[in-house]
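Engineer:
In the UniProt record's numbering, the protein residues as written are 1 to 226.
(1) How would you call residue 192, buried or exposed, if buried means at least 16 neighbouring beta carbons within 10 angstroms?
(2) Unbroken beta strand (DSSP E) runs of length 3 or more, entirely within the region 96-134: which are they?
(3) Check each candidate in 99, 150, 82 and 78 and name the one with the smallest Cα separation from residue 88.
(4) On the premise that residue 133 lies in contact with residue 226, defined as a C-beta separation below 8 Å, what is that separation, rounded to the nearest angstrom?
(5) Rounding to the nearest angstrom, what Cα-Cα distance links residue 95 and residue 141 in this structure?
(6) Starting from residue 13, follow the beta strand (DSSP E) in both directions and report where the run begins and ends.
(7) By the DSSP assignment, the alpha helix (DSSP H) with residue 148 in it spans what residues?
(8) Using the beta-carbon count (16 or more within 10 Å), is residue 114 buried or exposed?
(9) Can you say whether residue 36 is buried or exposed, counting buried as having 16 or more other CB atoms within 10 angstroms of its CB?
(10) Comparing alpha-carbon positions, which option in 74, 223, 78 and 185 lies nearest residue 123?
(11) Output needed for residue 44: all residues of its chain with C-beta closer than 8 Å, excluding positions within five of it in sequence on either side, in chain order.
(12) Quick check on residue 1: does DSSP put it in helix, strand or coil?
(13) Can you grab the Cα-Cα spacing for the pair residue 8 / residue 20, in whole Å?
(14) Under 8 Å, do residue 139 and residue 103 count as touching if we go by C-beta distance?
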């Protein structure tokens with residue numbers, strides 16, 4: 001199968017030049033002493049080592065300024081604390097109630113239904129698309145493994161030539177559905193088991209999490225108290 005020609009921008013990456021260490025440049029003196037003929041010229045003169053450009057731009061060129069942007073962590077809303085029941089407003093599970101577990105490094109919220117109760121698995125959501133309720137669950141007995149982070153949710157990338165050839169000659173046939181990883185299913189069961197034990201301690205909390213959120217006629221979200 002023919003391979004497309006690499007662009008000029010991608011060549012350094014392909015050759016591994018980005019991993020090479022730049023050699024330290026030796027900085028010499030800015031001026032050097034040059035002998036000058038003539039008895040009235042002082043015999044020597046200081047000349048700059050780097051010659052100035054012979055041509056200058058006709059218009060003023062703005063100097064490049066350093067970016068003042070600083071990577072800072074996303075601040076969590078005061079109403080969202082570990083164990084808070086949230087209402088999802090967007091995505092596949094919009095209208096579902098979920099339990100907030102922790103905030104990830106990316107600023108996204110780690111939530112779960114739990115899956116055993118309302119079918120919402122471990123997933124990441126943006127805090128802009130949730131409503132925080134006053135209902136809270138005690139998570140002191142629930143341990144969340146440190147491996148459940150942003151990298152935990154990344155999809156495996158397959159860029160081998162064999163995969164591309166198989167996709168090209170499949171003639172538009174749908175790919176076979178991949179089995180859900182057993183390790184992730186085990187993590188879900190462990191968290192569901194611990195959360196379910198805490199949910200059972202409160203009467204009707206399981207029914208509350210199962211029920212989907214919705215507004216009936218005459219209800220306004222800005223007047224409701226969640």
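Glycine included, each C-beta is placed from N, C-alpha and C at the ideal position.
Structural biologist: A quick look at the data gives this:
(1) Locating residue 192 in the chain shown gives position 192, counting from the first residue. Looking at its Cβ environment, which holds 16 or more other Cβ atoms inside 10 Å, residue 192 is buried.
(2) 97-103, 109-112 and 123-125
(3) Position 88 of the chain shown, counted from the first residue, corresponds to residue 88. Minimum Cα distance to residue 88 is reached at 99.
(4) Taking the chain shown and counting its residues from 1, the one referred to as residue 226 is at position 226. Taking the chain shown and counting its residues from 1, the one referred to as residue 133 is at position 133. Yes, residue 226 and residue 133 are in contact; Cβ-Cβ is about 4 Å, under 8 Å.
(5) In the chain shown, counting from the first residue as 1, residue 95 sits at position 95. In the chain shown, counting from the first residue as 1, residue 141 sits at position 141. Using only the alpha carbons, I get a separation of about 27 Å.
(6) By 1-based counting over the chain shown, the position of residue 13 is 13. Residue 13 -> not in any beta strand (DSSP E); alpha helix (DSSP H) instead, spanning 11-15.
(7) Walking along the chain shown from the start, residue 148 turns up at place 148. That residue, residue 148, is in no alpha helix (DSSP H); it is neither H nor E in DSSP.
(8) Translated into positions along the chain shown, residue 114 becomes position 114. Buried is the call here.
(9) Taking the first residue of the chain shown as position 1, residue 36 is located at position 36. Under this definition residue 36 is an exposed residue.
(10) As a first step, residue 123 must be located in the chain shown, where it is residue number 123. Of 74, 223, 78 and 185, the residue nearest in Cα terms is 185.
(11) Taking the chain shown and counting its residues from 1, the one referred to as residue 44 is at position 44. Contacts found: 33, 34, 35 and 36.
(12) By one-based count along the chain shown, residue 1 stands at place 1. Since pLDDT at residue 1 reaches only 48, below the 50 mark, its modelled position is unreliable, and the value read off the structure follows with that caveat. Note: residue 1 maps to coil in three-state DSSP.
(13) Against the chain shown, residue 8 aligns to sequence position 8. Against the chain shown, residue 20 aligns to sequence position 20. Each residue's Cα considered, the two are about 18 Å apart.
(14) Start at 1 with the first residue of the chain shown, and residue 139 comes out as number 139. Start at 1 with the first residue of the chain shown, and residue 103 comes out as number 103. Their beta carbons are not under 8 Å apart, which means residue 139 does not touch residue 103 by this criterion.
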